[in-house]
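Position 14 of the sequence shown, counted from 1, bears residue number 22 in this note's numbering, the numbering being contiguous throughout. For glycine and all other residues, C-beta sits at the position ideal for the given N, C-alpha and C. Contents: one structure, followed by commentary.
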Amino acid sequence: MDTESNMKQRVVIDPNICHGKPVIKGTRVLISNLIADLASGLSIDEIIVNYPNVSREDIQAALSFAGELTRFETYPIENLK
C-alpha cells in the first residue's frame with residue numbers, strides 16, 4: 009500500500025469525533041498527540057505501548073498526514089518564535 013492511500017485509510021476527520029480534529033480511524037487518538045509524542049523523543053514502540061489501539065502503520069500514516077499539511081501552508085520564521 010502506498011503512503012497516500014495508507015494515510016487516507018487510517019486518518020479520519022469527522023466533525024462528530026474530537027471536534028473534527030484528525031484522528032486515527034476507529035479511535036479518538038489525535039494525530040497531533042502522536043506527532044507530539046514523536047517530537048518529545050518517544051519511539052514508535054513506546055507510543056504503541058501508550059496507545060494499544062494504534063499500530064506502527066497508523067503512526068506512519070500520522071507522520072505522512074503531518075507532512076502533507078506542511079505542503080499547503082507557509083510559516084514565516086518570525087511566527088515561530
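Item                                                                                                                                                                   : Value
Give the single residue among 28, 54, 24, 32 whose Cα lies nearest to the Cα of residue 15.                                                                            : 32
What is the rounded straight-line gap between the Cα of residue 24 and the Cα of residue 73?                                                                           : 20 Å
On the DSSP bridge list, what partners appear for residue 32?                                                                                                          : 19
In chain order, what residues of the same chain have a beta carbon less than 8 Å from the beta carbon of residue 1, not counting five sequence neighbours either side? : Residue numbering for the chain in the displayed model covers 9 to 89; residue 1 lies beyond these limits and cannot be assessed.
Are residue 52 and residue 36 touching if we call contact CB-CB under 8 Å?                                                                                             : no
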